[in-house]
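Take the sequence shown: its position 400, counted from the start at 1, is 405 in my numbering, and no numbers get skipped.
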Amino acid sequence: MAPTRVKIGFVPTLRGGWGPVSDWCARMREDGIRFLQQIDGLELVYPRPHPEDPSAIVPEGGYVPDGVVCNLDHAEAVAAYFAREKVDGIVIGALNFGDERSASKIAELLKVPVMLYATKEPPVPEGPSLARVSDSYCGTLSIAAGLYRRKLPFHFAGILLADEPAFRHEAEVFLRAVAVVKSLRNARIGQIGLRPSGFETVAYDEKAMIQKFGQNVIYLDLADLVHRAQEYLDEDPRLAEITRRTRQSVAQITVAEEWLQKAARLELSIREFWQNARLSAMAMSCWPSIQRMYGISVCAIFGKLTGDGLLTACEADVIGALSMLTQHAASLHQAIPHFIDWTIQHRDHPNRFLAWHCGNAPTCLAADPSRTALRSRQDMLGVLPPDPCDDQAGLYQFQLRPGPVTLCRLAEYDGQWKMLIASGEIIPSDETLTGTWAWVQVRDHHLLYRTLVEEGFIHHASLIHGNQRDSLLLACKFLDIRPVLIE
Numbered sequence: 006m007a008p009t010r011v012k013i014g015f016v017p018t019l020r021g022g023w024g025p026v027s028d029w030c031a032r033m034r035e036d037g038i039r040f041l042q043q044i045d046g047l048e049l050v051y052p053r054p055h056p057e058d059p060s061a062i063v064p065e066g067g068y069v070p071d072g073v074v075c076n077l078d079h080a081e082a083v084a085a086y087f088a089r090e091k092v093d094g095i096v097i098g099a100l101n102f103g104d105e106r107s108a109s110k111i112a113e114l115l116k117v118p119v120m121l122y123a124t125k126e127p128p129v130p131e132g133p134s135l136a137r138v139s140d141s142y143c144g145t146l147s148i149a150a151g152l153y154r155r156k157l158p159f160h161f162a163g164i165l166l167a168d169e170p171a172f173r174h175e176a177e178v179f180l181r182a183v184a185v186v187k188s189l190r191n192a193r194i195g196q197i198g199l200r201p202s203g204f205e206t207v208a209y210d211e212k213a214m215i216q217k218f219g220q221n222v223i224y225l226d227l228a229d230l231v232h233r234a235q236e237y238l239d240e241d242p243r244l245a246e247i248t249r250r251t252r253q254s255v256a257q258i259t260v261a262e263e264w265l266q267k268a269a270r271l272e273l274s275i276r277e278f279w280q281n282a283r284l285s286a287m288a289m290s291c292w293p294s295i296q297r298m299y300g301i302s303v304c305a306i307f308g309k310l311t312g313d314g315l316l317t318a319c320e321a322d323v324i325g326a327l328s329m330l331t332q333h334a335a336s337l338h339q340a341i342p343h344f345i346d347w348t349i350q351h352r353d354h355p356n357r358f359l360a361w362h363c364g365n366a367p368t369c370l371a372a373d374p375s376r377t378a379l380r381s382r383q384d385m386l387g388v389l390p391p392d393p394c395d396d397q398a399g400l401y402q403f404q405l406r407p408g409p410v411t412l413c414r415l416a417e418y419d420g421q422w423k424m425l426i427a428s429g430e431i432i433p434s435d436e437t438l439t440g441t442w443a444w445v446q447v448r449d450h451h452l453l454y455r456t457l458v459e460e461g462f463i464h465h466a467s468l469i470h471g472n473q474r475d476s477l478l479l480a481c482k483f484l485d486i487r488p489v490l491i492e
């Protein structure tokens, strides 16, 4: 799967006015462009000299003299060009001292995440003046001060040359943070049905989501979803395809054929809701109403949807869906998150906890595809005959694959947002447990659990394979979210 693309504008800033652009500055501009373009998922936009009139300033094409930004006229033209191109973030590179006003002006006009870096100083050339070639070290301080006084959050990557591995690392972290910002702003989050009775824990403030991110919650009544599912014609080829994919998703199926047919209808109904509402993520009521109304459990459906990028949180946990959206974006859609419950502490290993839920993990996360199963909650061993009337049927069962993971949970209280960011590692186990699960080892479980309790984080979180610490921290900075980091 190709990574999602994030559009970044490159601002090569130059203190000019002393004749043509130096060879060093020209090289720094070319290297910045070349090495940014090599980063997967990054679509680069940058100013260029006009092909027919090198002195022209033409906002429509991003044309400025020498393709560098030296003054406010350049800045306004480049900002207009970037706005037209809908850049998601900008990288400011000081080719020499740089121009603080024009670089800051672009950031001020666009109000997108900013990465700033200084270029290293080359050797002093021979000659009586002993003049420095770049002085980016000094000038970057002026640019940073300009951003700071405008209260524009930015990430300082360091004193780097674009061909260095450190530059690539910083740019990749920035790119993933920008992807998070892009995904959360103006997102459409679906909610199907009500939260379970008594689950005040997943309550949320829609007004806070609007004010913070410009998001909208799109609602669908559970009865309307079920009604639509029942309306599909038996010969609808989409139902057969969904059933075929369900059969292929696991090694063993111990639910009745009736579940497969009903589940295909409900899954198609959910998919149409997602597409018609143009959702970014969603949360659905998964018990007890759907069992009474439709006669099945929906955990495995959630796993299939999430595995296809239709991120679905359980128990109508809308903020949980935002947490999944955050991690999926930080991976550039290359990794799939899993909506988990902080369940129990390991009996023998105090720094391990069970990351579990009823059976909603995508099968692409299974440790051993040959040991995946589609079960009923009443028969997790798969030894009972399938019951066509079993409304507890429809749970995936498998262990998640081992490796480093990041856990994430957004929370909002009184209009203030915070994000839990915790690192751990899935440890393989010989056990057979219900649902979809993993034992996650952390460095200090006591600290982690105490933080969850004292910071008001609920029993749901999003888990994803890989280390997202730096990109999530940077996203928090850009979004003015308080990070709660547990390493």
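Even for Gly, the Cβ is constructed at its ideal location relative to N, Cα and C.
Item                                                                                                                             : Value
Beta-carbon gap between Leu-478 and Pro-488 smaller than 7 angstroms                                                             : yes
Contact under 7 angstroms by Cβ, Gln-397 with Ser-302                                                                            : yes
Proximity of Ile-111 and Ala-61 at Cβ, strictly below 7 angstroms                                                                : no
Beta strand (DSSP E) segment containing Gly-195, residue limits                                                                  : 193–197
Identified DSSP bridge partners for Arg-414                                                                                      : Leu-425
Identity of the residues DSSP links to Lys-12 by a beta bridge                                                                   : Glu-48
Buried or exposed by the 16-neighbour rule on C-beta atoms within 10 Å, applied to Ala-228                                       : exposed
Bounding residues of the alpha helix (DSSP H) (the contiguous stretch that carries Pro-170)                                      : 170–189
Outcome for Val-129 when other beta-carbon atoms lying within 10 angstroms are tallied against a minimum of 16                   : exposed
Lys-482 versus Ser-375: straight-line alpha-carbon distance, rounded                                                             : 42 angstroms
Alpha-carbon spacing of His-450 relative to Arg-243, whole angstroms                                                             : 46 angstroms
Where Pro-25 falls, given that 16 or more other Cβ within 10 Å makes a residue buried                                            : exposed
7 angstroms Cβ cutoff met for Val-11 and Gly-46                                                                                  : yes
With 16 other Cβ atoms within 10 Å as the buried cut-off, status of Tyr-51                                                       : buried
Candidates Leu-100, Ala-150, Gly-132, Tyr-122, of which the one nearest Glu-113 by Cα                                            : Ala-150
CB contact flag (His-343, Leu-316, <7 angstroms)                                                                                 : no
Residue interval of the alpha helix (DSSP H) (run including Leu-478)                                                             : 474–484
Cβ-based neighbour list, Val-178, same chain, cut-off 7 angstroms, excluding 5 preceding and 5 following                         : Asp-475, Ser-476, Leu-479
Bounding residues of the alpha helix (DSSP H) (the contiguous stretch that carries His-333)                                      : 323–335
Run of the alpha helix (DSSP H) containing Leu-227, from where it starts to where it stops                                       : 227–236
Three-state secondary structure (DSSP) of Asn-221                                                                                : strand
CA nearest to the CA of Ile-345, picked from Asp-168, Glu-236, Gly-440                                                           : Gly-440
Other residues of its chain near Ala-334: CB distance less than 6 angstroms, five sequence neighbours each side excluded         : Ala-184, Val-185, Ser-188
Continuous beta strand (DSSP E) assignments of at least 3 residues falling wholly in the region 333–387                          : 343–350, 357–362, 378–381
Within 7 angstroms, strictly: CB atoms of Ala-192 and Phe-40                                                                     : no
Extent of the continuous alpha helix (DSSP H) run through Gly-21                                                                 : Unbroken run through Gly-21: none, as it is neither H nor E.
Member of Gln-473, Glu-417, Asn-356, Gly-408 whose CA lies at the smallest distance from the CA of Val-447                       : Asn-356
Extent of the continuous beta strand (DSSP E) to which Pro-488 belongs                                                           : 487–491
Outcome for Asp-485 when other beta-carbon atoms lying within 10 angstroms are tallied against a minimum of 16                   : exposed
Neighbourhood of His-160 by C-beta distance below 6 angstroms, restricted to the same chain and skipping five residues each side : Met-120, Phe-179, Leu-479
Those runs of the beta strand (DSSP E) which lie wholly inside the region 425–468 and span at least 3 residues                   : 441–446
Arg-380 vs Thr-259 beta-carbon contact at 7 angstroms                                                                            : yes
Per DSSP, cross-strand counterpart(s) of His-470                                                                                 : Val-410
Close Cβ partners of Ala-171 (< 6 angstroms) along its chain, the five nearest in sequence each way excluded                     : Leu-165
Residues near Thr-348 by beta carbon distance below 6 angstroms, same chain, minus five either side                              : Leu-359, Trp-361
Closest Cα partner of Pro-293 within the set Glu-320, Asp-419, Glu-417, Thr-251                                                  : Glu-320
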